[in-house]
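One structure below.
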Amino acid sequence: MPSYTVTVATGTQWFAGTDDYVYLTLLGTARCSERHLLDKPFYNDFERGAVDSYDVTVEEDLGEIQLIKIEKRKYWYQDDWYLKYITVKTPVGDYLEFPCYRWITDEKEIVLRDGRAKLPRDDKTQILKQHRRKELESRQKMYRWKEWHPGFPLSIDAHSHSELPRDIQFDNEKGIDFILNYTKAMENLYVNRFMHMFQSSWSDFADFERIFVRISNTISEYVMQHWKEDFMFGYQFLNGCNPVLIRRCTEIPKKLPVTMDMVECSLERNLTLEEEVKQGNIFIVDYELLDGVDANKTDPCTVQYLAAPICLLYKNLEKKIVPIAIQLGQKPGPDNPIFLPSDATYDWLLAKIWVRSSDFHVHQTVTHLLRTHLVSEVFSIAMFRQLPAVHPLFKLLVPHMRFTIAINTKAREQLICECGLFDKANATGGGGHVQMVQKAMKDLTYRSLCFPEEIKAKGMDSKEDIPYYYYRDDGIKVWEAIKSFTEDVIHTYYESDEVVCEDVELQAFVKDIYVYGMRGVKASGFPKMIRTRETLAEYLTVIIFTTSAQHAAVNFGQYDWCSWIPNAPPTMRCPPPTEKGTVTIEQIVETLPDRGRSCWHLGAVWALSQFQDKELFLGMYPDEHFVEKPVKEAMAKFRKNLDEIVNTITERNKNKKLPYYYLSPDRIPNSVAV
1 MPSYTVTVAT GTQWFAGTDD YVYLTLLGTA RCSERHLLDK PFYNDFERGA
51 VDSYDVTVEE DLGEIQLIKI EKRKYWYQDD WYLKYITVKT PVGDYLEFPC
101 YRWITDEKEI VLRDGRAKLP RDDKTQILKQ HRRKELESRQ KMYRWKEWHP
151 GFPLSIDAHS HSELPRDIQF DNEKGIDFIL NYTKAMENLY VNRFMHMFQS
201 SWSDFADFER IFVRISNTIS EYVMQHWKED FMFGYQFLNG CNPVLIRRCT
251 EIPKKLPVTM DMVECSLERN LTLEEEVKQG NIFIVDYELL DGVDANKTDP
301 CTVQYLAAPI CLLYKNLEKK IVPIAIQLGQ KPGPDNPIFL PSDATYDWLL
351 AKIWVRSSDF HVHQTVTHLL RTHLVSEVFS IAMFRQLPAV HPLFKLLVPH
401 MRFTIAINTK AREQLICECG LFDKANATGG GGHVQMVQKA MKDLTYRSLC
451 FPEEIKAKGM DSKEDIPYYY YRDDGIKVWE AIKSFTEDVI HTYYESDEVV
501 CEDVELQAFV KDIYVYGMRG VKASGFPKMI RTRETLAEYL TVIIFTTSAQ
551 HAAVNFGQYD WCSWIPNAPP TMRCPPPTEK GTVTIEQIVE TLPDRGRSCW
601 HLGAVWALSQ FQDKELFLGM YPDEHFVEKP VKEAMAKFRK NLDEIVNTIT
651 ERNKNKKLPY YYLSPDRIPN SVAV
């Protein structure tokens, strides 16, 4: 009688094993096998990390194995099981791989297809077509869209992490408990003794060092030592944790009435301001988005303030970017002076602090939350709803969606909800952050997520003109490596543009993102349909780059650049100055965050800057969703390209006082998971 050897691999997560009854049925083209009992209580099979083998004997040949059915029946209590994969050795010696990488919960069953990726048109038999359809119908019931706030991209319909489908939950929910992590961070940083001292001001700048943890030879220490310098201020627009706002200024805006007399002493080329603009030496950062946003009113004992500054910067003869003028409000007037490097020391310093505070708010809410977290969640939900596990694009994208929905759900539960942790220390808490996302949606376009295009649109693409923009240089290298990888995968499964057009599941995925994620706004530029392989490669590159590299670039530098409180104040306790010549050091300290808010801020930026346990970095795909040789070769080529980028960045950073490593592939997690 024909015999099949079945090998079952259990996951290595905590509690991944099971002691329940487990049954297997092989479904072939000729017939189905009987239901075989593989495991029962106290057999000690299917333990965490185990690989167990069984011989399954049948009376007649089953034909080609199309599907495997696994049933789990409860023995005593709920005992979830994480099944990695099953391999089947047929009577003629062929090996079939059936990837799973899912939790089997309660008394449920799952039906697996072999690991070869298939487009909808590749399925010829009714049983395979039906399996494909049922999987999507089931997923669409579990992954439902919901509006969290009006005008936001839609998110998952779940109030808490525990309500999410088991497959996308964190393995250990305690590991992503924001309250627990922030408290632990403050304990580790030895600042917990200050955390409840709200309204209590620091004495002077040196007093901030009492909560500053010195880690020798790090960026954070360098920032503490040099934060007052104009060079350090300008450098952060290029390579800090928010390097996305600076643009080349082609015309001085009327709302910023800077004159030649004001900035002449800052210009080094014996040119007029207008001539400097024409030569491309003037840059601008405008925080107009913050204009009209309500400041945090959740603490009646502390009035908090926001500003919407405009900052003009200059490329000096050393090709370094330095500030030359700052206006703290959008409307020019006698009570909204333009601050200059030639002003009194504390006038100029406070103006720069206001810009740094505004930059912090835009970074946290728009650059980080909206443009990486919320957008990546849209990609994740659409993928689960419209691409079955057998689809090559599901296999390609699923590693880049790992824990994204879970971390966002937890954030809505504890961090950015009403009365959440965000309200404790941030001037945009209490609803201001919601207003900011709603306003920023108009600038969230598809083209703005295409990294090289966005750099060029801002006039920041010339390496010769702007040689120290490492965010641009490294980002383009990583973008090109990802794009080459997606092209290799696409050409493996889509032999022509016509096949792309005919892929109904791909088109449903793209439509879901446009209709629900981007709320059907035509001006967003998100495609409603993909018609060519070239366009598909760019689309997939946008998704993978956003969920991996872009998030890494704007997330993991938060402790480096924001731990020295005066360099990134999360709130300001006095209004912006309305005249020059009155600012004192005492006024600056009174304006900066109090001791309690400083400590909450420090705990937050520390916790947000840490990698996950057992982090998977770009190009690491331990779950083998693909089994085809051409794709495995494409993965190897991708890893080789990424290794070359790592070597280039490592070599450049040697002996640098300010190394830039946030876009080094060995520091880019595959997905948004923190």
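Numbering of the sequence shown is given in my numbering, commencing with residue 1 and proceeding in unit increments. All C-beta atoms, glycine included, are put in the ideal place defined by N, C-alpha and C. From a predicted model like this one, the values you see are computed outputs, not experimental measurements.
Nearest-angstrom Cα separation, counted from residue j out to residue i
i      : j      : result
Arg144 : Cys417 : 20 Å
Lys108 : Tyr23  : 11 Å
Met224 : Leu349 : 14 Å
Val672 : Asp623 : 17 Å
Ser484 : Phe638 : 8 Å
Thr659 : Thr650 : Rather than Thr, the amino acid found at residue 659 in this sequence is Pro. If I take the Cα positions, the gap works out to 9 Å.
Tyr559 : Lys657 : 17 Å
Lys254 : Ala308 : 16 Å
Met195 : Arg133 : Low confidence applies to Met195: its pLDDT is 49, below 50, so where it sits in the model is not reliable, and the reading given next is rough at best. Straight-line Cα distance between these residues: approximately 53 Å.
Thr90  : Ser33  : 13 Å
Glu60  : Pro2   : 6 Å
Ser380 : Thr404 : 7 Å
Glu71  : Lys442 : 48 Å
Ile676 : Asp465 : In this structure the chain extends from 1 to 674, so residue 676 is not present and cannot be described.
Val510 : Gly517 : 10 Å
Asp52  : Ser160 : 35 Å
Lys632 : Cys249 : 46 Å
Val6   : Glu615 : 31 Å
Ile246 : Met620 : 33 Å
Trp148 : Gly431 : 13 Å
Thr492 : His400 : 20 Å
Leu136 : Phe384 : 8 Å
Arg447 : Gly525 : 7 Å
Leu506 : Leu444 : 22 Å
Residues sharing a beta bridge with residue i, DSSP
i      : result
Tyr82  : Trp103
Pro323 : Leu313
Glu147 : Answer is none; Glu147 lacks a bridge partner.
Asp45  : In DSSP, Asp45 forms no bridge with anything.
Thr90  : Bridge partners of Thr90: none, in fact.
Pro659 : Pro659 pairs with nothing; no bridge assigned.
Ile65  : Gly28
Asn336 : Gly333
Ile96  : Position check: residue 96 holds Leu in this sequence, whereas Ile was assumed. For Leu96, which the question treats as bridged, DSSP gives the partners Val88.
CA nearest to the CA of residue i, picked from the options
i      : options                          : result
Asp55  : Leu37, Val510 and Ile466         : Leu37
Trp103 : Asp423, Ala604 and Ile168        : Ile168
Asp106 : Tyr75, Leu112, Phe98 and Arg113  : Tyr75
Gly429 : Leu290, Val378 and Asp474        : Leu290
Asn336 : Ala552, Ala325 and Met232        : Ala325
Leu684 : Ile252, Gln66, Gln279 and Asp19  : Summary: the structure shown does not reach residue 684, with the chain confined to residues 1 through 674, and so no result is reported for it.
Glu318 : Arg269, Arg73, Tyr222 and Lys528 : Arg269
Trp606 : Phe556, Glu495 and Ala411        : Phe556
Expected contact under 8 Å - CB spacing of residue i and residue j to nearest Å
i      : j      : result
Ala537 : Ile668 : Going by Cβ atoms, the distance from Ala537 to Ile668 rounds to 20 Å, so no, they are not a contact pair.
Arg573 : Thr584 : Not quite, the Cβ-Cβ distance comes to about 15 Å (not below 8 Å), so this is no contact.
Leu312 : Leu256 : 7 Å
Arg533 : Cys501 : So it is not a contact: roughly 10 Å between Cβ atoms.
Leu164 : Thr409 : 6 Å
Phe208 : Ile565 : 5 Å
Ala440 : Val366 : 4 Å
Asp157 : Lys146 : 4 Å
Residue range of the unbroken beta strand (DSSP E) whose run includes residue i
i      : result
Tyr314 : Ile310 to Lys315
Lys439 : Premise fails: Lys439 lies in the alpha helix (DSSP H), Gly432 to Ala440, not in any beta strand (DSSP E).
Tyr494 : Counting along the chain, Tyr494 falls outside any beta strand (DSSP E), and DSSP gives it neither H nor E.
Asp286 : Ile282 to Asp286
Arg113 : Glu109 to Arg113
Asp359 : It is not in any beta strand (DSSP E) - Asp359 instead sits in the alpha helix (DSSP H) that spans Thr345 to Val362.
Ser220 : Ser220 -> not in any beta strand (DSSP E); alpha helix (DSSP H) instead, spanning Ile219 to His226.
Segment limits, alpha helix (DSSP H) that includes residue i
i      : result
Phe690 : Outside the displayed span of the chain (1 to 674) sits residue 690, for which this structure offers no information.
His551 : His551 to Asn555
Thr7   : Here Thr7 belongs to no alpha helix (DSSP H); instead the beta strand (DSSP E) covers Ser3 to Thr10.
Ser53  : Run containing Ser53: none in the alpha helix (DSSP H); it sits in the beta strand (DSSP E), Val51 to Thr57.
Asp39  : From DSSP, Asp39 is part of no alpha helix (DSSP H) but of the beta strand (DSSP E) over His36 to Asp39.
Ser542 : In the sequence under discussion, the amino acid at residue 542 is Val, which differs from the Ser named in the question. Looking at the DSSP string, the run of the alpha helix (DSSP H) that includes Val542 is Arg533 to Phe545.
Lys629 : Lys629 to Asn653
Lys511 : Val504 to Asp512
Phe170 : It is not in any alpha helix (DSSP H) - Phe170 carries neither H nor E in the DSSP assignment.
Closer than 7 Å: residue i CB and nearest the ligand NAD heavy atom
i      : result
Leu536 : In the structure on display, the ligand NAD does not appear, and there are no ligands present to speak of.
CB contact below 8 Å: residue i versus chain C
i      : result
Ser496 : The question asks about chain C, but that chain is absent: this structure has only one protein chain.
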